[in-house]
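Novice:
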Amino acid sequence: MANVKQLVQGDILFVRLDIPHYTGKSTEIKRLETNVVAEGEKTGHKHILWGGFLYNSSSWGTCAFVGNEGGTVTHDEHHTLNLSPGEYRIVRQKHYNYEAEYKREVAERVVED
Amino acid sequence: MSDEMKIITFIVGYLIIGGIGAWLFRYSRGKSRDSNWSTRAACCFLAWPLVTIIGTGYLIVKYSKPVFLCISRKADWIIILASKRELHRDKFGILYTAPSPYGEIKFVKVKDTTGKTYYLTVPRSIDTAREGVAWTYRMNPTDFDPVRA
Chain D
1 MANVKQLVQG DILFVRLDIP HYTGKSTEIK RLETNVVAEG EKTGHKHILW GGFLYNSSSW
61 GTCAFVGNEG GTVTHDEHHT LNLSPGEYRI VRQKHYNYEA EYKREVAERV VED
Chain R
114 MSDEMKIITF IVGYLIIGGI GAWLFRYSRG KSRDSNWSTR AACCFLAWPL VTIIGTGYLI
174 VKYSKPVFLC ISRKADWIII LASKRELHRD KFGILYTAPS PYGEIKFVKV KDTTGKTYYL
234 TVPRSIDTAR EGVAWTYRMN PTDFDPVRA
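This is how it looks when you write it as structure tokens:
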């Protein structure tokens, strides 16, 4: 398994952390009970981590810890993603909200007037 | 609740309340005394907002705005996609611009490994497809080079 730095499965990006973050002792890190990385808003399909666990970090948000034997992320529609041992920051894809920007601009114009 | 669910709820609500209205109309009149009951029940079904005012009011107050907003947003997207103009293309996707109700907007077309194509709006400052896709993942474009599952 190659040591790839960034992996994408659908709308989820896994970015490998160069410096291991999880100690299991730090109070700012909280291990999560679930292995569901993310759930589709419309379809309900889940990205599920196997061979590791998820934790919440104050600096990186939700991260994945993958054990020495490596892990996988499964999804009903996408191909299985293989993760080499290590820690990964999890980033969910977003889009720019032009409607909110427009409303904000209108509100600012009203205030100025 | 997703936009599709709102529409489905609206339609199912319409059918259920319309059906109840038609059923009440048919059985309250008595089948034997009214030979033309099915036509009237059908009319009642179509005109149920007049019969079930409370149900209508509830549905209109709760769902009409999101449903109409959803329809108008989808209509906006159809027009936006019809008038889109390509700005840049690379292995990450295609960057487009198009006029919209909110002014000129930019968006990237991305294809995932399942073969599905989807569009993601990005800020106007974006100039390349790579920059756009990297922005959607909050990444620096120069560092962004992921492997797709």
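Chains D and R are the protein sequences, given in the same order. The first sequence: position 40 = 40 (our numbering), numbered continuously. Just add 113 to wherever you are in the second sequence, counting from 1, and you've got our numbering. The beta carbon of each residue, even a glycine, is placed where N, CA and C say it ideally should be. Bear in mind that the values here come from a model prediction, so they are computed numbers and not experimental data.
Counting only C-beta atoms, is D189/R closer than 7 Å to chain D at any point?
Specialist: Residue-level contact by beta carbon fails for D189/R and chain D, as no gap is shorter than 7 Å.
Novice: Comparing the C-beta of M1/D with each C-beta of chain R, is any distance below 7 Å?
Specialist: Model confidence at M1/D stands at a pLDDT of 48, short of 50, so the residue's coordinates are unreliable; what they give is reported in the following sentence. For M1/D, the answer is no, since every Cβ of chain R falls outside 7 Å of its Cβ.
Novice: Are the region 39 to 53 of chain D and the region 217 to 236 of chain R in contact at 8 Å, needing three or more beta carbon pairs?
Specialist: no
Novice: Determine the extent of the beta strand (DSSP E) in which I29/D is found, giving its start and end residues.
Specialist: 29 to 31
Novice: Using the C-alpha atoms, what's the distance from K197/R back to I207/R?
Specialist: K197/R has its alpha-carbon roughly 11 Å from the corresponding atom of I207/R.
Novice: For L81/D and E244/R, what's the separation of their Cα atoms in angstroms?
Specialist: 24 Å
Novice: Quick check: is the beta carbon of I207/R nearer than 7 Å to any beta carbon in chain D?
Specialist: no
Novice: My output table needs one value for W60/D: the three-state DSSP class, helix, strand or coil.
Specialist: coil
Novice: Ends of the alpha helix (DSSP H) at Y250/R?
Specialist: Counting along the chain, Y250/R falls outside any alpha helix (DSSP H), and DSSP gives it neither H nor E.
Novice: Distance, Cα to Cα, G134/R vs F123/R?
Specialist: 16 Å
Novice: According to DSSP, is E199/R part of a helix, a strand, or is it coil?
Specialist: strand
Novice: Which partner residues does K204/R have in the DSSP bridge list?
Specialist: Partner(s): none; K204/R has no beta bridge.
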